Amino acid sequence: MSKAKELRELAPDELEQKLDDALKEAFELQKVKATGKLDNPLQIRLIRREIARLRTLLNEKKRAPATAKT
Numbered sequence: 015m016s017k018a019k020e021l022r023e024l025a026p027d028e029l030e031q032k033l034d035d036a037l038k039e040a041f042e043l044q045k046v047k048a049t050g051k052l053d054n055p056l057q058i059r060l061i062r063r064e065i066a067r068l069r070t071l072l073n074e075k076k077r078a079p080a081t082a083k084t
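Per my numbering, the very first residue in the sequence shown carries number 15; after that it's consecutive.
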């Protein structure tokens, strides 16, 4: 779990890699949940929030150059 301040310092490529890893982890957690063997259901909520945080930061970085030109 990374804080937004730490994530803002990363390059877009690194953010995309972290997002990809988080999506894979979320998929694995959903599989484990489906089998009924998930010990801590809170993990799913935390990873979903991490995914949302990463997507938000990626969008901010993509929009930043466009707003700087105007």
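The C-beta atom is built at its ideal place from N, Cα and C for all residues, glycine as well.
Keep in mind the model is a prediction, meaning the values are calculated, not measured.
At a Cβ-Cβ threshold of 8 Å, Ile65 and Leu43 do not count as neighbours.
In the three-state reduction of the DSSP assignment, Glu42 falls in the helix class. Look at Ala66 here: in three-state DSSP terms it is helix.
Burial check for Ala80: the Cβ neighbour count within 10 Å stays below 16, so the residue is exposed.
A buried status is given to Lys32, since no fewer than 16 other beta-carbon atoms sit within 10 Å of its beta-carbon.
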